[in-house]
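If you count the sequence shown from 1, position 274 lands on 273 in numbering that gives the first Met the number 0, and the numbers rise without skipping. Reviewing the structure listed below.
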Amino acid sequence: MRDRFLPFSPPCLDDDEIAEVVESLRSGWITTGPKCRAFEQAFANKLHSPAALALSSCTAALHTALAVLGVGPGDEVITSCFTFCSTVSVIEHVGATPILVDVEPDTMNLDPAAVAAAVTERTRVVLPVHYGGHPCDMAPLREIAARHDLEIVEDAAHALPARCGDQWIGQGDNPVAFSFYATKNLTTAEGGMLTGSPAFVEKARVASLHGMSKDAWKRYDKGGSWFYEVVMPGFKYNLPDVLAAIGLGQLRKLDRMQERRREAAARYHDDFADLPLQRPLERSGVESAWHLYPVRLLDAAPIGRNELIERLGAANIGTSVHFIPIHFHPYYREKYGWREGMFPVAEDAFERVVSLPLHGGLNEADQADVIEAVRTELA
Ligand SMILES: Cc1ncc(COP(=O)(O)O)c(C=O)c1O
Numbered sequence: 000m001r002d003r004f005l006p007f008s009p010p011c012l013d014d015d016e017i018a019e020v021v022e023s024l025r026s027g028w029i030t031t032g033p034k035c036r037a038f039e040q041a042f043a044n045k046l047h048s049p050a051a052l053a054l055s056s057c058t059a060a061l062h063t064a065l066a067v068l069g070v071g072p073g074d075e076v077i078t079s080c081f082t083f084c085s086t087v088s089v090i091e092h093v094g095a096t097p098i099l100v101d102v103e104p105d106t107m108n109l110d111p112a113a114v115a116a117a118v119t120e121r122t123r124v125v126l127p128v129h130y131g132g133h134p135c136d137m138a139p140l141r142e143i144a145a146r147h148d149l150e151i152v153e154d155a156a157h158a159l160p161a162r163c164g165d166q167w168i169g170q171g172d173n174p175v176a177f178s179f180y181a182t183k184n185l186t187t188a189e190g191g192m193l194t195g196s197p198a199f200v201e202k203a204r205v206a207s208l209h210g211m212s213k214d215a216w217k218r219y220d221k222g223g224s225w226f227y228e229v230v231m232p233g234f235k236y237n238l239p240d241v242l243a244a245i246g247l248g249q250l251r252k253l254d255r256m257q258e259r260r261r262e263a264a265a266r267y268h269d270d271f272a273d274l275p276l277q278r279p280l281e282r283s284g285v286e287s288a289w290h291l292y293p294v295r296l297l298d299a300a301p302i303g304r305n306e307l308i309e310r311l312g313a314a315n316i317g318t319s320v321h322f323i324p325i326h327f328h329p330y331y332r333e334k335y336g337w338r339e340g341m342f343p344v345a346e347d348a349f350e351r352v353v354s355l356p357l358h359g360g361l362n363e364a365d366q367a368d369v370i371e372a373v374r375t376e377l378a
């Protein structure tokens with residue numbers, strides 16, 4: 000057994016990020032400014048995004064996107080029941096109504112047929128979540144959106160970098176929200192990015208910083224003017240330069256970290272082939288970001304999911320569960336009367352799923368410990 004705890008998803012940081020942060024701290028400008036602009040530019044270049052706006056979180060990016068699109072009371076937003084709570088909370092924050100639908104059994108992504116069936120005359124937005132980094136099947140979702148004149152806002156918290164056909168997630172004109180939370184494929188400790196058309200991103204930039212016509216860097220930098228106007232009651236969602244500096248270092252090594260993730264996912268896949276587990280897949284024609292490696296225990300497994308988590312914990316191996324379905328949370332049950340039994344695919348997955356350690360710095364020896372511990376319990 001390991002003598003040290005193996006965390007589920009620690010950050011992969013080194014001297015490059017430290018040097019960027021120190022440079023920012025010494026520069027005399029620590030909040031949103033030049034590092035943030037450089038990070039946005041480098042991110043947009045990487046994904047061929049039309050434009051990018053760095054924000055304080057993916058939640059902030061989703062909220063800003065819905066607010067800028069003018070989504071509000073009376074509107075419905077269709078999204079996945081198998082996601083993190085903030086995907087749905089932002090719909091509540093703009094006063095709209097979340098409409099949950101079930102997921103597809105292989106990818107755990109929004110089921111396009113369920114989306115089509117959920118559209119009403121109140122629907123304004125479809126909000127797909129790229130679960131675990133595997134891109135949603137965007138073609139049928141785009142077709143539904145075009146047919147009913149709906150917006151698509153993507154929750155790409157897990158999907159950096161991911162590709163659907165020859166398009167990166169975040170390459171299109173529609174709003175796409177990424178997360179740089181501490182466990183994500185690229186981290187700034189806390190942070191996010193919103194991509195979309197240049198016109199949309201400029202509106203989002205204003206909305207994300209008090210609705211002010213000029214941000215502080217433009218006002219305080221040499222040649223800047225003190226004057227600004229408030230054009231809407233905006234949010235305070237900007238990303239400070241100190242954190243954007245971490246992102247600049249992370250972005251430079253993203254390809255390397257992704258290579259590690261892909262290799263580790265492939266090793267899990269091969270070494271678990273004979274176990275009573277459903278392994279995550281990568282459909283043909285897509286590139287997953289492999290943010291998570293969620294396995295689902297089959298009926299033939301000798302122990303249940305909760306017991307497996309406990310035993311792996313006792314063997315010093317960290318795990319997590321993605322996700323508790325939204326309709327299991329008391330707030331949503333009480334507000335909308337959602338009940339168990341409404342979304343059978345997600346509910347079945349929730350009973351069986353556990354995410355194993357996977358990160359950009361996972362080495363073969365540590366992963367071998369995970370594989371051995373899982374095999375000990377399930378082989
Ligand atoms: C699917 C999904 N959406 C949104 C978020 C929110 O991201 P953030 O913490 O950057 O707001 C998360 C966070 O883990 C997530 O998993």
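In this text, a Cβ means the ideal position worked out from N, Cα and C, and glycines have one as well.
Within its chain, find whatever has a CB closer than 8 Å to the CB of residue i; leave out the 5 residues flanking it on each side and keep chain order.
i           : result
residue 270 : 370 and 374
residue 227 : 211, 212, 213 and 218
When you measure from the CB of residue i to every non-hydrogen atom of ligand 1, does any distance come out below 7 Å?
i           : result
residue 180 : yes
residue 360 : no
residue 430 : Residue 430 cannot be examined here, being either before or after the span of the chain that is shown, 0 to 378.
residue 57  : yes
residue 186 : no
residue 102 : no
residue 64  : no
residue 51  : no
residue 158 : no
residue 96  : no
residue 82  : yes
residue 114 : no
residue 191 : yes
residue 93  : no
residue 128 : yes
How many angstroms separate the CA atom of residue i from the CA atom of residue j?
i           : j           : result
residue 347 : residue 130 : 16 Å
residue 155 : residue 235 : 21 Å
residue 267 : residue 298 : 20 Å
residue 429 : residue 285 : Limits of the chain in this structure are 0 at one end and 378 at the other, which puts residue 429 out of reach.
residue 233 : residue 70  : 15 Å
residue 10  : residue 56  : 16 Å
residue 337 : residue 325 : 9 Å
residue 58  : residue 87  : 10 Å
residue 206 : residue 231 : 7 Å
residue 147 : residue 43  : 29 Å
Apart from the five residues on each side of it in sequence, which residues of its chain come closer than 7 Å, Cβ to Cβ, to residue i?
i           : result
residue 29  : 23, 239, 240 and 241
residue 361 : 259 and 263
residue 243 : 34, 35, 38, 53 and 187
residue 202 : 67
residue 393 : Past the edges of the chain, shown from 0 to 378, lies residue 393, and the structure says nothing about it.
If I'm right that residue i touches residue j with Cβ under 8 Å, what's the distance once you round it to whole angstroms?
i           : j           : result
residue 100 : residue 79  : 7 Å
residue 60  : residue 191 : 4 Å
residue 41  : residue 200 : At roughly 15 Å, the Cβ-Cβ gap does not stay under 8 Å, so residue 41 and residue 200 are not in contact.
residue 83  : residue 107 : At roughly 13 Å, the Cβ-Cβ gap does not stay under 8 Å, so residue 83 and residue 107 are not in contact.
residue 411 : residue 316 : Absent from the structure is residue 411, since the part of the chain shown begins at 0 and ends at 378.
residue 32  : residue 216 : 4 Å
Please classify residue i: is it buried, with 16 or more other beta-carbons within 10 angstroms of its beta-carbon, or exposed?
i           : result
residue 218 : exposed
residue 343 : exposed
residue 292 : buried
residue 333 : exposed
residue 339 : exposed
residue 17  : exposed
residue 255 : exposed
residue 221 : exposed
residue 330 : exposed
residue 109 : buried
Quick one: what's got a C-beta closer than 6 Å to residue i's C-beta in the same chain, skipping five residues either side?
i           : result
residue 98  : 75, 77 and 117
residue 133 : 106 and 287
residue 178 : 57, 156 and 191
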